[in-house]
Every structure is written in structure tokens, then in C-alpha cells.
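S.K.: If you read the sequence shown in our numbering, its first letter stands for residue 3, the second for the next number, and so on. Dropping a structure here in C-alpha cells format, bear with me for questions.
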Amino acid sequence: MQNTRKGILVFMVLLFLSVNATSQNQKSSVSESDVNIKKSKKKKKKKIKLPEIDLSNWKVTIPEGGGKGGAISVEPPEILNYATNDILKPYMYNDSTKGALTFYAYPTTATTANTKYSRSELREQMVPGDDNVNWTFKQGGTLKAKLSVDDVSRDTNGRYHKVIILQIHGRLTNDQKELIKQKDNNAPPVLKIYWQNGKIRVKTKKIKYADVNSTGILHEEAWTDDEGFNFQEEVGFGKFQIEVKVTDGKMVVSLNKTEYAVYNDFNIKRWGVFENYFKAGNYFQSRDEGSFAKVSFYELEVKH
């Protein structure tokens, strides 16, 4: 009888321990599951980042419109709503994962009047909506940009197509235009900054004939391209910083605050006759079928 009681008691103790262990395992399992679900939810939440670029003093031109000279431009204040503008969205849009403003361009029939290439590019307007107010080197100006070239097509030789990412463009005053009887106010660009095969290349202008007079110098034919300057650093498809600073008779271009191209000779001093404006974006330098480029700006600031 005692043996029977002992057997029953042992059985009950074992049963209690088994039930208790099962309960503990279940609690542990539920707890771990809850933690995993919470971790999963956290992973799914992506941080949205938007570029902090003030477009109040910029207009944009895109590869859309009616042929040569008919490329569509959007000025302030309409440009401020670029994220919801159906015309602009294919060419100028936010990349919220990178916090960048991206410009997309490819060859189309829609170009500006003085080029064969298409662009998604900003043009500085000192007075919003007005192209007639610009600046001279004597007045000076500084542009700072942080950007990356995200993707570029290749030509038939396997080389990446070129992209102009920043410019200083010249402009004739109305009086100068009338003086040389030119149909528009266009003057040459004194500065073009290229992304070329992963490196940054700078081109500027020089006078063809040193003794050209004050009227002749206004003609585009009075100027030609210099030999160009290549920065040593390879930026590839990563972020980089460009600063352009102009003062009376001088222009300095820097890459990542470590390399500098300095222009302060008589060519730049004589350039002071022109008005100017900054440009930034994706001025794509190819007409090849199927070619394209994407350029993203994280920061863009201009001061005068």
C-alpha cells in the first residue's frame, strides 16, 4: 500500500514539473516571437529624407517641348511644386532614400536655341522669374554644391558619356546686344564643369586675339576654349563637393576642398565685360540612341 502511495506521489510530482516546464517554454516562445515581430516592424520602417535645396532663385529646363529652342522651362514659383508637377517629375524628382534632388536627361528633339544637346538643368535667377537681372565678376559670386553622378550610359567604345554638371554662363546686356546687332542676349559660357569617366574636368574661355577691342570682345567668335584642367581625384559614382568662387578678375574652382583650379590671367580680367549666371544639373553631352544620365544634388547654395 505504501509503495502504491509513493508511486502516485512521484507520478504527481513528475506531472507537475512537466506541465510547469511546458508552460515556461510557451511563455518563452511567445516572448521571443513578440520581440522578433517588433524587430521586423522596425526594419520595415525606412527613413524618408528630402533635399534641403531652396529653388526660389532657380528655373529649370527639361528635355521636353517643341524642338530646337522649344525646350520647356519652369520658373519660380511653379518650380517649387516640382514634386507634384507631372511635366517635371520624369526629369526632376526627389530621391527620398538618399535625400537628393535628381536630374534625369536623355537625347530628345527638345533643346535650347544654342545647342544640340538636351538637359535637365537649373538656371540661376537673381530676381525670380526674370532672366534680365544677372551679375558681373566685379560683383562676384560663390556657388557650393554637393552632388553625385549616379548613372551614365556608355558609347560604342565602352566609355561613359560626358555630363556638364555646373556652369557659369555669359550674357549680353540689352545695350550690348543692340551694339553688335545680335538677335538674342546669349554670350559664351566662361565655365563648364564636366563629369568625364569618373573624374572632374574644368573648361573655360580664352581670347583668340589679345588686342581685340571692347566691341569685338562681345562677339562669341572672339573667344575659344582653353585646353582644360583635370582634377586628380577620381570621384566615380560617389558624392563630391564643388565650390566656385568668382571675384573681379579671378575665378577659383575647388574639388572636395583639396584641389584647386585658379584662373586670374588677362582672359578672366577681360571677361568682366559680361553679365553672368550660374547653372547646375544635368546637361547631357550625347545624342547617341539609348543614352542617358542621372545626377543627384544633395546641397546647392549660391551667394552674391
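C-beta: ideal position from N, C-alpha, C; glycine also. Please read these numbers as outputs of a predicted model, since none were measured by experiment.
(1) Could you tell me the alpha carbon to alpha carbon distance between E235 and R203, rounded to whole angstroms?
(2) Are there 16 or more other CB atoms within 10 angstroms of the CB of I182, so buried, or fewer, so exposed?
(3) Going by the CB atoms, is the gap between K252 and T104 shorter than 7 Å?
(4) In whole angstroms, give me the CA-to-CA distance for A189 and T113.
(5) In chain order, what residues of the same chain lie with their CB nearer than 6 Å to the CB of G311, ignoring the 5 residues before and after it?
(6) Should R161 go down as buried or exposed, given a rule of 16 or more other Cβ atoms within 10 Å for buried?
(7) Would the beta-carbon of G131 fall within 7 Å of that of E66?
(8) For V15, which three-state DSSP category applies?
(9) In terms of residues, what are the limits of the alpha helix (DSSP H) holding F105?
(10) Would you mind stating whether G200 and N278 have Cβ atoms separated by less than 7 Å?
(11) Compute the distance between the beta-carbons of S150 and S298, then report whether it is under 7 Å.
(12) I need the DSSP call for K271, collapsed to helix, strand or coil.
(13) Which partner residues does H306 have in the DSSP bridge list?
(14) Can you list, in chain order, the residues of its chain with a C-beta nearer than 7 Å to that of Q141? Leave out the 5 residues immediately preceding and following it.
(15) Just how far apart, CA to CA, sit A224 and S98?
(16) Please say whether F280 and E309 have beta carbons closer to each other than 7 Å?
(17) So, with DSSP's three-state summary, where would you put N284?
(18) Looking at the structure shown, is Y300 part of a helix, part of a strand, or coil, going by DSSP?
(19) In the DSSP assignment, find the unbroken beta strand (DSSP E) run with L168 in it and report its ends.
(20) Which residues does DSSP list as the beta-bridge partners of T86?
(21) Once you ignore the five residues that flank L17 on each side, which residues in its own chain have a CB closer than 7 Å to its CB?
(22) Under 7 Å between the Cβ atoms of F2 and V165?
(23) Rank N232, D227, T260, Q243 by C-alpha distance to the C-alpha of K148 and give the top, closest one.
(24) Using 10 angstroms around the beta-carbon of E96, count the other beta-carbons present and answer buried if the total reaches 16, otherwise exposed.
(25) Taking the CB atoms as reference points, tell me whether I194 and N187 lie closer together than 7 Å.
(26) Helix or strand or just coil, what does DSSP make of L257?
(27) Just to confirm, does L145 get its C-beta within under 6 Å of one of the non-hydrogen atoms of the ligand NAD?
(28) Residues bridged to Q198 by DSSP?
(29) Smallest Cα separation from D153: which of Y300, E303, F294?
(30) Of the residues G71, N266, E291, I50, which one's Cα is nearest the Cα of K118?
(31) Among A212, H163, G283, T206, which has the Cα closest to the Cα of E291?
(32) Based on Cα-Cα distance, which residue from N232, G68, P191 lies nearest to I270?
M.R.: Let's see:
(1) For this step, residue 235 is matched to residue 233 along the sequence shown. For this step, residue 203 is matched to residue 201 along the sequence shown. When only Cα atoms are considered, E235 and R203 end up about 11 Å apart.
(2) Translated into the one-based positions of the sequence shown, residue 182 becomes position 180. I182 counts as exposed, since fewer than 16 other beta carbons sit within 10 angstroms of its beta carbon.
(3) For the purposes of this step, residue 104 is taken as the residue at position 102 of the sequence shown. For the purposes of this step, residue 252 is taken as the residue at position 250 of the sequence shown. No.
(4) To locate residue 189, count along the sequence shown from 1; it is residue 187. To locate residue 113, count along the sequence shown from 1; it is residue 111. Distance between the alpha carbons of A189 and T113: 17 Å.
(5) Any property of residue 311 remains undetermined from this structure, which presents the chain solely from 3 to 306.
(6) Reading the sequence shown from its first residue, position 159 is the one you call residue 161. So R161 counts as exposed.
(7) Counting from one through the sequence shown, the residue named residue 131 turns up at place 129. Counting from one through the sequence shown, the residue named residue 66 turns up at place 64. No. Outside cutoff.
(8) Residue mapping note: residue 15 aligns to position 13 of the sequence shown, counting from 1. Annotation note: pLDDT 39 at V15 (below 50); position unreliable, coordinate value reported separately. Three-state DSSP puts V15 in a helix.
(9) The residue given as residue 105 occupies position 103 in the sequence shown. Unbroken run through F105 is the beta strand (DSSP E), 102–107; no alpha helix (DSSP H).
(10) On the sequence shown, residue 200 is found 198 positions in, with the first residue counted as 1. On the sequence shown, residue 278 is found 276 positions in, with the first residue counted as 1. No Cβ-Cβ contact shorter than 7 Å links G200 with N278.
(11) Within the sequence shown, residue 150 is the residue found at index 148, counting from 1. Within the sequence shown, residue 298 is the residue found at index 296, counting from 1. Cβ atoms of S150 and S298: closer than 7 Å.
(12) The residue you call residue 271 lines up with position 269 of the sequence shown. In this structure, K271 counts as helix in the three-state DSSP scheme.
(13) In the sequence shown, residue 306 corresponds to position 304, counting from 1. Answer is none; H306 lacks a bridge partner.
(14) Residue mapping note: residue 141 aligns to position 139 of the sequence shown, counting from 1. If we look at Q141 and ignore the five residues flanking it on each side, its Cβ neighbours are H306.
(15) To locate residue 224, count along the sequence shown from 1; it is residue 222. To locate residue 98, count along the sequence shown from 1; it is residue 96. Cα to Cα, A224 sits roughly 45 Å from S98.
(16) Nothing can be reported for residue 309: it is not among the residues displayed for the chain, which extend from 3 to 306.
(17) For this step, residue 284 is matched to residue 282 along the sequence shown. Here DSSP, grouped into helix, strand and coil, assigns N284 to strand.
(18) Locating residue 300 in the sequence shown gives position 298, counting from the first residue. Strand at Y300.
(19) If you number the sequence shown from 1, residue 168 lands on position 166. That run of the beta strand (DSSP E) goes 165–173.
(20) For the purposes of this step, residue 86 is taken as the residue at position 84 of the sequence shown. For T86, DSSP records no beta bridge to any residue.
(21) Reading the sequence shown from its first residue, position 15 is the one you call residue 17. Its pLDDT being 43, under 50, L17 is placed unreliably by the model, and the measurement read from it follows with that caveat. Nothing meets the Cβ criterion.
(22) Residue 2 falls outside the range modelled here, since the chain spans only 3 to 306, and no answer is possible.
(23) Taking the first residue of the sequence shown as 1, we reach residue 148 at position 146. Ranking N232, D227, T260, Q243 by CA distance to the CA of K148 puts Q243 first.
(24) For the purposes of this step, residue 96 is taken as residue 94 along the sequence shown, with counting starting at 1. Reading off the sequence, residue 96 comes out as Asn, not Glu. Burial call: buried.
(25) Here residue 194 is taken as the residue at index 192 of the sequence shown, counted from 1. Here residue 187 is taken as the residue at index 185 of the sequence shown, counted from 1. With the sequence shown as reference, residue 194 is identified as Lys, and Ile is not the correct amino acid for it. With a cutoff of 7 Å on beta-carbon distance, K194 and N187 are scored as not near each other.
(26) Counted from its first residue, the sequence shown places residue 257 at position 255. Strand.
(27) The ligand NAD is not part of the structure shown, which contains no ligands of any sort.
(28) For the purposes of this step, residue 198 is taken as residue 196 along the sequence shown, with counting starting at 1. Answer is K201, bridged to Q198.
(29) As a working mapping, residue 153 is identified with position 151 in the sequence shown. Residue F294 is the option with its Cα nearest to D153.
(30) The residue labelled residue 118 in the question sits at position 116 within the sequence shown. Comparing Cα positions, the closest option is G71.
(31) Along the sequence shown, read from residue 1 onward, the residue named residue 291 stands at position 289. Among A212, H163, G283, T206, the Cα nearest to that of E291 is on H163.
(32) Taking the sequence shown and counting its residues from 1, the one referred to as residue 270 is at position 268. Taking only the C-alpha atoms, the option nearest I270 is P191.
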